[in-house]
Each structure stands twice: as C-alpha cells, then as structure tokens.
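Reading through the structure tokens given below for one structure.
Chains as they are written, first to last, in the numbering used here: chain A, 31 to 797; chain B, 31 to 797.
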C-alpha cells in the first residue's frame with residue numbers, strides 16, 4: 031500500500047496530525063529550495079526522535095574516496111557527494127528551562143504542516159503540552175528567497191496557550207554536521223573561522239579537497255505586537271556551533287516571534303576574503319527590508335514562475351496537486367540562472383545518489399525547462415556539458431579510448447565520473463547518446479541552431495568518435511556490434527547489442543555527420559576552428575559512416591520486434607501481471623542474478639528509443655512494441671511511468687495513460703517506492719510534466735511548428751498548460767468540449783491542433 | 031621481468047644478501063606451516079622496515095561485515111576472513127641497550143635465508159653491525175612441529191663477532207594484532223586473560239562473533255655451551271603483550287642461544303576451560319624433549335611425507351626446486367587429518383582472499399591428496415562438503431531456489447557464502463559441478479564407491495535439483511539454457527550458455543541419475559534413507575532428465591568448435607601474441623569493460639571441460655579446441671598454466687608443455703604475477719603436481735587401471751613420481767631410455783604403460 035497521509039489540495043501539500051513515524055517522509059516532501067540552496071523540512075527546535083538532517087548548497091560537493099568490495103580497473107577514485115552543509119535553521123526553545131522537543135513533551139496536538147506551493151513557503155503549526163497547565167502553540171514559517179538567493183527567513187511564533195511562562199529562544203548555527211553516506215567517515219568540512227558579534231553570527235567553513243568556502247550566517251530579532259525587543263546576544267560558541275539567546279516572560283495567551291534571517295554565501299559567487307562582507311550585506315538587506323516585504327517578494331516571484339509553468343487539471347484534485355508538486359520541486363531545484371549548476375536527482379531533498387548530474391537532465395528535464403523558461407535556461411544546461419567535454423574525453427581515456435573520443439559520466443559534479451558499479455559506470459554508455467539527443471531536441475524546439483557551431487558540434491564529434499571506437503566488427507555477422515553494455519533497463523548487465531544503444535549510436539554518428547555539413551555550409555569560421563581543434567579528416571568521417579551504415583540491430587523477424595538485446599527471447603517470457611505480488615518489487619525480493627536472467631524490465635528501454643525517435647516509427651510499430659515490452663516492465667525506476675504514460679496516450683489507451691500519470695505525478699507524495707524518506711525523485715518530475723504536455727497534450731514539433739494531438743482522460747473535466755515556443759507563449763486548454771490554443775506572444779504562430787494547421791494571432795495576456 | 035633472487039637448489043629455497051625490498055616477498059616464500067597453524071617468515075626481532083605480519087591458526091576465522099560500493103540483493107552479510115592470530119615468534123634483542131633492528135643497524139652482512147624443505151625448517155643468518163667495533167652474528171632457525179602440531183620451536187643463536195657486549199633477549203607474546211584487510215576496522219579478537227608465571231606465559235584470546243578461544247603460549251630457555259642458564263622472568267605485561275627477559279654478558283666470539291617453545295591451543299581441539307592446561311602440557315613435552323630431539327622428529331616426519339610425495343626431476347634444477355616447493359607448501363597447508371579444515375588459496379602465507387575453501391579444492395587439489403596420501407584424506411575433503419550441504423541449500427534458498435537445491439559457495443569457511451561480487455558469487459555457479467566431479471573422480475581413482483551411498487548421493491541430488499531449477503527453457507530454441515553465468519574464465523560476466531557450465535550441468539544431472547540407480551541396486555538401506563530424506567520422486571527425476579537431454583550447447587558448426595558462450599564469435603578475435611606487451615597483464619592495464627568485451631581468456635574454460643572430460647572427446651577435438659582457445663588465453667589466473675601444460679603434453683607440444691610447467695611450478699618463486707608479497711598461490715600448486723603426473727606422466731584411470739602415457743621434456747634427463755593407487759604404491763620413473771613402473775605395495779597391480787597393459791608384482795620398498 032502506498033501512503034495516503036498528504037491531504038489533497040490544489041495548491042498546498044498538507045499534513046495534519048502528529049505522527050512521529052512520518053517525520054522523515056515529511057522532511058523530504060516539505061523540503062524547500064531556491065535553486066541555490068535548499069533544506070529538508072527539519073524542525074527548527076530540538077528533536078530527539080528519528081530525523082534525517084539535510085541542508086545543501088548548490089554546486090558545493092565533496093569527492094568521497096571510492097569504497098567498493100572488489101576493486102576493478104577503471105573505477106573512479108572518488109564519488110562526488112552532495113554535501114550536507116552547516117545548519118542555519120536551528121532555533122532551540124526552552125519553556126521555563128525545559129526544552130521544547132516534540133519527542134519528549136507530554137503531548138502534541140493540532141499538528142500540521144503546509145507547503146504552500148503557490149507562494150513558496152513552508153509552515154508548521156502545533157501545540158506542545160508540557161503538563162496539564164502548560165502548553166505553547168507554535169507557528170513556524172520559513173522560506174528561501176528567490177530574489178536574494180543567499181537568504182533564508184524563518185518566522186518562529188510562540189503563543190503561551192496555557193499558563194504563564196518564561197520562553198527562551200536559542201537561534202544557532204551548527205557547522206558540526208556530517209553526511210549519512212560518507213564512505214570512510216572522512217570529515218567533509220573544516221571549520222575555519224567563527225564570528226559572533228551583536229546579533230549576527232558567521233561561520234566560515236571549507237570543504238576538504240574541493241576547497242569550497244562557505245560562510246553560514248544568521249541574525250535574529252525578537253518581535254512582539256509588532257515591536258522589536260531587546261535581547262541578549264552571544265550565549266555559547268564552541269568550535270562548531272554559535273548559539274545566541276533571547277528570553278522573554280509570556281503571560282497566557284501572549285505571543286512572541288523570533289525572526290531569523292540566515293543563509294549561505296559561498297566562494298562559488300564571492301572571493302573568499304569577501305565572504306563575511308557579502309554575508310553582512312545580505313543580513314543588512316534582510317533586516318532593512320523586513321519579514322513582511324520579503325514574504326511579499328517571495329509570493330510575487332513564485333507568481334511569475336507559475337504564470338508560465340502552471341498546469342491546471344479540472345475535476346481531479348489529486349492529479350492537480352501532483353503536477354503542481356512536481357513543477358514546484360523542479361523550480362526549487364534548478365532555475366537555470368547558473369550554467370555551472372545542474373539538476374540533482376534528489377534536488378535539495380536528500381543526499382542519496384550523490385552527484386548532481388545524470389542523463390536524466392538531457393533525456394527528461396530539458397523539455398520542461400525549454401518550454402517553461404527562457405530558452406537561455408536550456409542552453410545553459412547544454413553548455414554545462416560542453417564545459418565538461420574535456421573531462422568526458424579524459425573519462426573515455428581512462429577506459430582505453432583515444433583520439434578525443436568522449437564518454438560523458440554516469441554521475442558527476444564537475445565532469446569527472448563518480449559512479450562505481452562497473453556494470454553501470456563502464457557499460458551504461460547510452461547516456462552519451464542523450465547528450466546528442468538533447469542538442470537535437472533543443473535546436474528542433476527553439477530553432478536556435480547557433481548552439482551547434484558554437485559548442486554542440488564539438489560534443490557531437492567527440493561522441494561520434496566514441497561510438498566509432500566502441501563498436502566491434504563482427505566477422506560472423508558482417509556488421510558492427512556494440513558488446514558488453516547496460517541499456518536504460520538496468521535489470522540487464524553486460525549484454526550484447528542493446529537495441530536502444532545500437533540505434534542511438536548509429537543516429538549519433540549520423541547527427542554528427544549532418545551537422546558537420548550544416549556548419550560547413552553556413553558557419554565557415556566555426557567549421558575551420560572545429561576542424562583545427564579536432565583534426566577531423568575525411569577518412570575519419572568515412573570510417574564513422576561505415577560503422578553507422580553497418581550497425582547491427584537485433585530483431586526477431588517472426589515477431590517483427592526489435593529485441594532489447596541479443597538473446598532476449600531465450601528468456602522465460604512471463605508477463606508481470608502473472609507474477610505473484612509477493613515477488614514485487616523484484617529489486618527488493620529477488621537476488622540480483624535472478625533479476626538479471628528474468629525478462630523483467632526496470633524502465634523503458636526499446637520503448638525509450640520509440641519515445642526519442644517517435645517519428646522514425648509508425649503508430650502500428652509503436653503499438654506492437656508497447657504490447658510486447660510494457661507487460662514485461664516492472665516500472666521500478668522513477669523514470670519509467672512517464673514515458674509509458676505518453677505512449678499509452680498516443681495509443682489511445684487512456685486508462686493506462688492515466689494510471690501511469692498518477693504514478694509518476696504522485697510517486698513521492700504517495701511514496702510508491704517506499705523510499706521518500708531519503709528524498710524526492712526530482713528529475714523524474716520533469717517526466718511528469720512531459721506526460722501531460724507530450725502525452726495528453728500530444729505536443730511534438732512538426733516542420734518547425736508545434737503540433738498538439740490532445741487527449742482528455744475521462745477522469746478529468748479539462749486541463750491546460752503553457753509553453754514557450756520560440757519566445758511566443760502558447761496556452762493550451764483542453765476540455766470536454768474541445769481544445770483551444772491561444773498565444774500571448776508578440777507574433778503570429780503557426781500551430782497544428784489535432785492535425786489541423788492554423789495560424790494563431792497573439793492575444794493580450796489578460797485576455 | 032620476473033624476479034630471480036631465489037637460488038636454484040634441489041631441496042632448499044635460498045636467499046642470499048640483504049635487500050630490504052625483498053623482505054615481504056621472502057616473508058611469503060619462506061612461510062612455514064604444519065597443517066594446523068602457520069606463519070609468514072617475519073623476523074623474530076624488531077624490524078621497523080616494511081613488513082607484512084601474519085600468523086594463522088587453521089579453522090579460526092572471523093566473519094567480517096560485508097562492505098561494497100552498492101549493495102545488491104543476495105550479497106552475503108559477512109566475508110569469512112583468515113585471521114591474523116597472536117604473534118608468538120617475537121624475540122626482541124638489545125645489544126648494550128640498543129635494539130637489534132635490521133632497518134636501523136649500521137650495516138647488515140652475510141644475510142641469508144634457507145627454507146629446508148627436506149627437513150621442514152626455516153633458518154635466517156646474518157651479521158648485524160652496530161658500529162665498527164660491535165657486531166653480532168645471528169642464526170635463527172625455527173619450525174612448526176608436525177608431530178605435536180600445537181608447537182613451534184625457535185632456536186635463536188647470537189654470537190658476539192666483534193666486541194664484548196651485554197645481550198638482552200625479550201621473548202614475547204603479542205595479541206594486539208590486526209588484519210590488513212579488515213572492512214570496518216573491527217577488532218577481530220578480544221583478549222580474555224594473560225598469565226605470566228615462571229618462564230611461561232599464556233594469553234587467551236577470543237575471536238569476536240565466532241567465539242573461537244585460542245591460548246597462545248611460550249616458554250624460553252637460555253643456553254650456552256649446552257648449559258641452561260638462569261634468567262629473569264617477567265619483564266612487562268600490558269593488556270595485549272607479555273614480555274619476558276633474559277640478559278647475558280658475552281665476550282667476543284662467545285655465543286648464546288635463546289630457545290623459545292611456543293604455539294597455540296584452540297577451542298577447536300580443547301574445551302575452553304582446558305586451554306591453559308593443554309598449553310602447559312605442550313610446553314612440558316617440548317622442554318622435556320628438547321630442541322635437538324624435536325628437530326630430529328621433524329626431519330623424520332618430513333622424510334615420511336617425501337617418501338610418498340616427492341617428485342624428482344633430473345637435469346633441471348629450477349624445475350626440481352619448483353615442484354618440491356609446490357609439494358612442500360601443499361603439505362604445510364593441509365595434511366588431511368581434520369575433516370573440518372580445507373585448503374586455503376593462500377594457505378598460511380597471507381590473508382588475501384579470505385575464506386579457506388574454493389572450488390580449487392575439488393578441481394585441483396583432490397588428485398594430489400588422493401595420490402600422495404591415504405585415501406581417507408581425499409574422503410575427508412569430500413566429507414567437508416557433505417557436512418556443509420545444509421548451508422549450501424540455505425545459500426541456494428537465499429538466491430530464490432527451493433526444494434533442497436544446493437549451491438555450494440564460491441568462498442567459505444563454514445559453508446556460508448562469503449564472497450561479494452555478484453558476477454562471481456551469484457553467477458559463477460559451475461563450482462557446483464566441481465563438487466560432483468570430485469566425487470566421481472574419487473570413486474574412479476580409489477574404487478571406494480561406499481562414499482556415494484553414505485554421503486555423496488545426497489550432494490548429487492541437491493546439485494541436480496539446482497541445475498534443474500537454474501535452467502531456463504527457451505521456447506525459441508526448444509532447448510534448456512543456462513542464462514546469466516560467469517564461467518571459469520572470469521573475464522566474462524553474465525553471459526548466456528557458457529559451454530563448460532551447460533555441459534557440466536547436464537553431466538551432473540546424469541551422474542545423479544546413474545548413481546541413484548547404482549545405490550538403488552546395491553544399497554537398499556541407504557537408498558530408502560535418502561529417498562525418505564529428499565522426497566525424491568520419479569516425476570522429479572524425469573524432469574531432471576528432460577533438462578539434461580535437452581540441454582543446449584553453443585557450437586559453431588562451421589568451425590566445429592564449442593563456443594565459450596553465446597555470441598563469442600561476435601568478438602574481435604585477435605591472438606594474445608599480437609597484443610602489444612604494454613597492454614599486459616590486461617587485468618592491470620585495461621578497464622573492466624574492455625576486458626569483458628575482449629576475446630581474452632583468464633584461465634581454461636572450454637578447455638577445463640576438455641580436461642575434466644578428456645575421455646568424452648577425441649584427441650583431434652582437443653587439438654582443435656586447444657588451437658582455438660589457448661592463443662586467446664592470457665593465463666592471468668594461477669590455475670591456468672597447469673591445465674594447459676597437461677593438454678600441451680597430451681598433444682605432444684613439449685616445448686609449450688614445459689613452458690607452462692615452469693610457469694606453474696615457479697609462479698611464486700619467480701613471482702610471475704607480481705604479488706607474491708601478499709602470499710603464495712597454494713591451491714594452484716596442486717595443479718603443478720598434476721602437470722607432471724597427469725601431463726608428463728600421462729596418468730589417467732582406464733577401466734579401473736592406472737594408465738601412463740609418459741612424455742619427457744627434452745630439457746630433462748628424467749623424472750619420477752609415486753602414486754598411491756588403491757593402497758598400492760606405484761613408483762613411475764621416466765628417463766630418456768624409457769619408462770619404468772614399480773609397485774611397492776602388497777598386491778599385484780594391473781597398469782597400462784604407454785598403451786601396453788601389464789601386471790606389476792610388488793617389490794620391497796628398498797629394492
């Protein structure tokens with residue numbers, strides 16, 4: 031059974047009632063982030079129950095020395111870990127000297143959490159009963175500013191609901207944090223300097239090895255009835271923690287609020303010696319602006335995001351809540367302002383998986399960012415990989431490739447590979463194809479070819495070189511083969527001729543050749559620069575072409591099916607639905623060898639190819655392959671349901687499409703995979719967006735025109751979404767009575783709506 | 031280049047000259063053991079240079095919690111580690127208060143080591159120069175008694191070669207030892223009690239988790255000119271170490287000797303509360319018997335071993351030294367007295383690989399022990415697996431098998447799997463076949479069928495059940511297949527239809543069926559007991575038979591070659607000799623994925639099948655397969671050269687056979703694999719023995735008769751070996767003039783010599 035404690039609500043994630051067993055789950059679900067930093071929804075005050083602490087600064091990581099059972103050549107020396115950063119949210123509270131700790135008080139009542147996605151804040155409310163005569167009500171709201179993304183704000187309001195009492199607040203900074211997933215119990219951080227002055231405190235820490243410097247800072251104020259109260263300053267400072275204090279006597283029914291302004295300034299954005307000054311500036315800005323105005327700014331910023339990114343679903347509150355949660359989390363994780371950053375699979379909601387960048391970005395996230403942001407954002411994501419091309423070449427060299435062949439890493443922070451399962455790290459090479467697909471997809475969608483001569487072609491060349499070298503000529507078959515790979519279906523390892531990989535490899539080479547021609551024809555300077563740089567010769571491209579032309583594709587002629595890999599039909603083919611539920615999920619119930627020799631598929635593999643290259647295949651072919659592979663798919667990857675939802679919609683299997691949609695959109699809210707405690711599945715959330723826009727909305731680009739083939743699940747009264755298509759905003763509204771598309775842009779747009787081509791004239795935004 | 035510092039000598043391993051860079055290598059090569067315990071050749075006195083400490087007690091292990099990079103279902107929780115045991119050899123020496131430490135003294139001269147294999151002792155000699163005026167000569171000899179296998183003896187003799195001086199000896203016991211390969215830095219041992227009384231000391235320690243109790247003990251005596259001197263007793267005792275002391279003033283050219291009797295008594299052989307008493311008894315025996323008599327006993331014991339196990343090679347000193355080193359080490363490691371013990375891959379020479387038992391025992395070691403010991407020894411080795419059948423069934427259950435199917439572990443101490451690479455642990459299942467082959471081989475060689483009804487048949491049934499369940503019916507091929515395995519060639523992982531595995535599986539099922547019939551016919555009680563125990567039904571055996579009858583064998587019809595696995599010919603087939611030497615060894619130079627997709631073979635795989643089942647194939651078939659596979663083989667496993675040497679000899683390729691022989695017999699002495707520092711390759715030493723007896727001697731059993739097809743490498747003048755064939759001793763002597771076989775047994779023996787059948791009449795041993 032999935033969990034069902036989150037209350038359905040169109041704009042908020044709501045938990046009601048105190049259940050300590052849900053604390054870690056809610057810490058993930060109520061996480062907040064602003065693209066530059068983020069936190070799990072840990073309590074501000076002391077909590078001695080089970081909790082998983084997590085605060086993260088985007089781009090600040092630690093290369094943790096690899097630890098494996100048995101070393102194999104080629105393993106990367108380090109695994110780049112998302113770092114748990116110093117904690118700035120802490121506010122311990124003492125009531126008449128007794129700590130406020132929900133794990134220890136007599137009783138907790140009226141407990142609730144709300145993550146207000148519309149306005150971008152998180153609030154927790156509860157009444158803590160210390161005895162029959164003494165109780166306090168707490169309303170703690172916090173947000174991480176979008177506008178000043180080094181700033182977090184906490185408004186911690188306490189009311190004496192029973193009895194008179196002395197309340198002492200101890201806001202603190204704690205740099206003595208660790209990672210749960212440290213390999214060797216290394217200290218990831220060194221604390222360099224602690225400063226406590228007036229009402230401000232600063233801790234400058236440095237990451238070991240990577241030498242990121244981060245200044246964590248805070249300033250607090252005590253407010254009652256709109257008045258700022260005086261309060262004591264420094265309480266305690268050891269070598270890891272700075273603790274301030276502010277105490278006040280409250281009579282029954284009186285309220286007092288501690289406001290804490292806090293955050294991080296890091297050496298990513300400042301000179302090391304300027305960190306304290308930068309932090310002081312943020313605090314000055316914050317205190318002068320004040321809580322109410324900052325909150326107002328936050329609401330406005332989120333309103334701007336929603337104006338473009340929102341999707342409405344009518345008549346299905348859980349579906350509505352699901353899609354907004356996905357869109358909200360994506361925007362909390364990555365806003366596209368900084369080309370050095372990327373979209374971590376857990377965003378700012380947990381430390382699991384480490385690394386920030388997977389092929390998820392190229393395969394799943396780019397469409398969302400292309401369609402809901404300025405096209406510069408998607409360009410930044412592409413540029414991120416271009417910047418790491420040298421590292422990708424080094425990575426390939428470590429595995430024995432040469433001549434500028436590039437293998438992009440499976441997981442990375444800085445371009446270096448940092449994953450260490452050989453069957454994935456060394457073999458799941460299809461990721462290289464996603465890099466090229468993303469460029470192709472970007473150009474197709476935005477019409478911005480300039481990226482190719484400027485940066486993209488170099489990436490394509492390096493990847494074509496990789497595929498050329500990685501292919502093996504089989505004398506036997508008189509074909510080029512790709513041996514020893516893991517496809518997107520990670521429940522197969524070291525297989526020969528994964529169809530998806532082979533198909534993608536061939537396509538990548540052809541893309542490189544085509545784009546070489548285009549750049550040669552239209553961008554002479556760039557062409558010369560690139561040829562000078564890569565020493566690409568005609569004989570080299572001829573040998574690429576040979577590999578592409580003679581690439582082997584595993585196929586079963588009898589069934590008319592591309593085979594996931596050589597020998598796939600030697601397996602026992604038993605549909606998932608015939609599997610006793612006691613065996614599910616197989617990744618928890620079966621040993622690895624049993625999974626491997628089974629026919630079960632973790633996530634779209636052949637069908638991933640049909641998704642990427644929809645226009646290469648007929649609907650009948652899609653149907654045949656969907657009918658063959660989907661029944662064998664266990665969807666035990668978060669990336670699986672979205673692709674299948676899109677394809678089910680294309681095949682008019684609306685019930686199935688709807689079911690997959692719910693699964694992808696409420697994966698974390700309903701905890702399908704029983705692991706939300708560790709964090710949310712951020713990158714698959716972009717897949718959720720695709721399942722509406724590309725699935726039910728049927729968006730594809732046909733001859734430079736957006737085409738919509740809309741399908742309305744019968745559970746819905748209607749749905750709507752917007753896309754930015756080449757700087758024109760299209761608003762697509764689907765209801766039982768039909769589909770309407772409006773453009774709010776500046777120019778007429780040619781679109782295809784359910785097969786009919788029309789030219790839309792721009793409307794006023796508030797029309 | 032291989033190392034060449036060991037002096038060729040027929041009966042001894044000799045090192046001459048002081049080279050600190052060789053200390054760790056020599057610590058492995060000069061290791062001593064007596065089947066019950068063993069030690070690396072660490073120095074008795076303090077040594078601050080690079081060293082790898084190792085003392086081991088057979089059967090005493092620690093289950094170290096598994097550590098992997100990424101957990102996969104089915105991994106065993108623990109890895110059973112060979113334990114570094116308390117050190118009893120330590121004797122610190124001070125010359126006028128200055129420590130004798132070869133890493134620190136002014137100069138070391140006249141340094142040599144000798145491992146006298148004939149007599150079973152190890153001696154180190156050197157002169158240590160403290161200054162121009164002060165030098166001592168040390169002659170330190172030690173041995174581990176074969177007769178009283180809890181006892182070790184050290185004779186540490188010091189002569190003042192320059193100057194008068196005060197010499198202080200500090201014999202000690204040190205229980206504060208650790209393992210280099212600990213996963214989590216656990217303490218493997220708890221020290222429970224330390225006793226120091228008179229000239230004796232005892233430390234009782236307990237292994238954590240496994241609760242083995244070991245009493246390490248010592249007693250020392252100071253001897254000069256045959257007289258026992260008085261000396262002080264207790265010097266120091268902390269919670270880990272007991273240190274005694276004995277000092278004497280020496281004038282130039284005077285000599286003094288410290289004799290230390292020491293050893294282990296363990297709870298494997300004694301009640302825990304009797305350990306101290308047992309240790310006292312050993313010490314009483316030792317001191318009453320005295321050094322000279324103990325040494326004489328040792329020489330006699332080894333003489334008995336050599337009388338049966340020796341192989342002579344005439345005209346090739348290095349080859350002679352090699353084979354004796356192999357035979358010596360095998361006898362140091364395992365003497366077959368105790369069915370709870372087995373043959374660790376490093377014996378008592380290092381801690382690498384952990385575990386004591388691999389399929390090496392069944393595939394490589396049993397023939398040696400069958401032929402050079404009483405047949406009870408081989409029976410004990412078989413019984414070891416029988417005793418662990420329940421664990422093998424549990425092991426299979428953990429991987430999802432049922433109905434009493436057994437999967438024997440890849441590595442074990444107590445029957446539980448303790449290896450954790452999925453591609454080996456879960457997939458290298460051919461090991462199960464070696465268990466059955468060993469039973470078959472034992473019965474064929476010894477004629478003792480009684481083992482089958484008593485124990486072996488149960489093992490065969492459980493293994494047949496495993497293969498039956500592990501096979502997959504391919505609708506496509508209308509055959510049973512075995513998917514997702516690793517064959518003996520560990521440079522392939524997760525392949526389908528490894529020919530060796532499929533062939534062995536089919537053979538195992540047929541063996542079980544045949545032996546069921548034999549037991550049914552001749553051993554009614556056993557048959558009933560076994561059927562009652564296993565609930566084996568006619569329909570079950572029928573379904574086994576179906577799998578065996580329809581087992582798929584990958585073959586290339588065109589080449590007439592059994593394929594190592596499906597798809598093998600899709601690889602680029604380039605002989606090893608065309609590979610640039612900079613790529614060798616590939617396991618150090620290539621990334622794992624590159625190794626996997628290459629055609630290169632680590633050790634005999636298809637050819638292992640041809641070795642086991644020689645009589646199933648013609649010489650022409652062997653030749654064809656040898657010519658195809660050997661050129662693709664890199665022999666990067668210690669188990670590889672011996673099989674190839676045997677097959678080359680069978681094919682009359684004597685140069686190749688000789689080269690492989692040298693490689694297997696001097697693998698450690700010449701350090702072919704650049705890793706002898708970590709210990710010697712004990713189990714492959716039995717392969718060396720096979721390469722002479724089965725290769726050059728051409729021994730096989732034909733219709734219950736030993737048959738010899740002898741071949742003399744041209745580098746040799748002759749060679750000879752003995753075998754115990756069904757309690758008759760055969761002495762085979764091959765020279766340039768021909769082959770002579772003599773029996774020293776009690777009965778006439780029918781033998782086949784180079785195709786000619788003769789009946790040998792027994793001769794007197796000293797004939």
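Beta carbons are placed, not taken as given, at the ideal position from N, Cα and C, and that holds for glycine.
Predicted model only: the values in this text are computed from it and were never measured.
At a cut-off of 4 residues, the continuous stretches assigned as alpha helix (DSSP H) that sit fully inside the stretch 629-690 of chain B are 636-642, 649-659 and 670-680. Residue 721(A) counts as buried, since no fewer than 16 other beta carbons sit within 10 angstroms of its beta carbon.
At a cut-off of 3 residues, the continuous stretches assigned as beta strand (DSSP E) that sit fully inside the stretch 198-236 of chain A are 219-227. As a beta-bridge residue in DSSP terms, residue 94(A) pairs with 109(A). Per DSSP, residue 538(A) is one residue of the alpha helix (DSSP H) stretching across 529-552.
Collapsing the DSSP output to three states places residue 620(A) in coil.
Among the residues of the stretch 732-758 of chain B, none has a Cβ less than 7 Å away from any Cβ of chain A.
8 Å or more divides the Cβ of residue 718(B) from the Cβ of residue 602(A). The closest CA to that of residue 61(B), considering only 706(B), 178(B), 684(B) and 34(B), is found on 706(B).
At least one CB atom of chain B sits nearer than 8 Å to the CB of residue 599(A). A straight-line Cα-Cα distance of about 39 Å links residue 139(B) and residue 750(B). Listed in chain order, the beta strand (DSSP E) runs fully inside the stretch 39-98 of chain A are 42-46, 67-69, 85-87 and 91-95, counting runs of at least 3 residues. The DSSP-derived three-state label of residue 181(B) is strand. Secondary structure of residue 693(A) (DSSP, three-state): helix.
Here the alpha carbons of residue 132(A) and residue 195(A) stand approximately 18 Å from one another. Scanning the stretch 457-493 of chain B for uninterrupted alpha helix (DSSP H) segments of 4 residues or longer gives 461-476, listed from N- to C-terminal end. Between residue 540(A) and residue 415(A), the alpha-carbon positions lie close to 20 Å from each other.
C-alpha of residue 629(A) to C-alpha of residue 374(A): approximately 30 Å in a straight line. Residues of the stretch 572-602 of chain B with a Cβ closer than 7 Å to any Cβ of chain A, in chain order: 596, 597, 599, 600, 601 and 602. With its beta carbon at least 8 Å from every one in chain B, residue 499(A) lies outside the interface.
Here the stretch 582-596 of chain A makes no contact with the stretch 488-500 of chain A; the two share fewer than three CB pairs at distances below 8 Å.
Using a CB distance cut-off of 8 Å, residue 507(A) counts as an interface residue toward chain B.
DSSP places residue 416(B) within a helical segment (H, G or I) once states are collapsed to three. Setting aside the 5 residues that flank it on each side, residue 399(B) is surrounded in the same chain by 366, 407, 408 and 411, each with a C-beta closer than 7 Å to its C-beta; the list follows chain order.
Here residue 570(A) carries a helix assignment [DSSP, helix/strand/coil].
Runs of beta strand (DSSP E) with 3 or more residues, each lying fully within the stretch 320-347 of chain A, are found at 341-344, listed in chain order. Contact between residue 413(B) and residue 369(B) is confirmed by a C-beta separation of about 5 Å, below the 8 Å threshold. Contact annotation: residue 595(A) and residue 660(A) have beta-carbon atoms that are not nearer than 8 Å.
One Cα belongs to residue 778(A), the other to residue 734(A), and the distance between them is close to 14 Å. When 7 Å is used as the limit between beta carbons, residue 511(A) is near these residues of chain B: 600, in chain order. DSSP, read as helix, strand or coil, puts residue 721(B) in helix. Residues of chain B whose Cβ lies closer than 7 Å to the Cβ of residue 624(A) are, in chain order, 429 and 430.
Interface criterion not met: the Cβ of residue 48(A) is under 8 Å from no Cβ in chain B. When only Cα atoms are considered, residue 562(B) and residue 479(B) end up about 21 Å apart. If only uninterrupted beta strand (DSSP E) runs of at least 3 residues are considered, those enclosed by the stretch 238-269 of chain A are 243-254, 257-259 and 264-267.
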